[in-house]
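K.L.:
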Amino acid sequence: MPDSSLSPDVVDAARHHMNTDHVADNLVIVHAFADPLAESAVLTGVDGDGGTWAVAGPAGNTEVKIPWSAPVTDRAGIRREVVALYDAACERLGLPRRAH
17 MPDSSLSPDV VDAARHHMNT DHVADNLVIV HAFADPLAES AVLTGVDGDG GTWAVAGPAG
77 NTEVKIPWSA PVTDRAGIRR EVVALYDAAC ERLGLPRRAH
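Below is the structure:
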């Protein structure tokens with residue numbers, strides 16, 4: 017269940033931003049922390065504890081929740097945690113990070 021401190025507008029804005037401007041980043045995060053064989057990943061939700069991605073891959077479709085490193089209560093916190101996940105995913109996968 018979404019954290020009540022995150023308004024639906026904030027959640028929708030985060031999902032829209034990630035799924036339009038950072039499509040490849042979604043997949044990098046999922047590859048590193050959930051499913052290395054994923055073929056696509058779409059951010060479907062965020063709450064105070066983590067992000068949820070719909071994942072498609074060879075085994076079918078699934079949903080995964082990847083926790084934040086710290087609880088979030090606002091849009092800036094979501095951004096901070098997504099950037100941290102992306103940076104850690106690049107490091108884990110040996111990929112170069114792009115500038116934020």
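Numbering of the sequence shown is given in my numbering, commencing with residue 17 and proceeding in unit increments.
Glycine included, every Cβ here is placed at the ideal spot set by N, Cα and C.
A quick note: this is a predicted structure, and the numbers were derived from the prediction, not measured.
1) What ranges does the beta strand (DSSP E) occupy inside the segment 28 to 53, keeping only unbroken runs of at least 3 residues that lie completely in it?
2) Does DSSP put Gly93 in a helix, in a strand, or in coil?
3) Give a yes or no on whether the C-beta atoms belonging to Ile82 and Gly64 are separated by under 7 Å.
4) Note down, in chain order, each residue of its chain lying with its Cβ closer than 6 Å to the Cβ of Arg91, except the 5 sequence neighbours on either side.
5) When the Cβ atoms of the segment 71 to 79 are set against those of the segment 95 to 112, are three or more pairs found closer than 8 Å?
6) Cutting at 8 Å between CB atoms, please list the residues of its own chain near Arg31, excluding the five before and the five after it.
P.N.:
Quick answer:
1) none
2) helix
3) no
4) Val26
5) no
6) Leu59, Thr60, Gly61 and Val62
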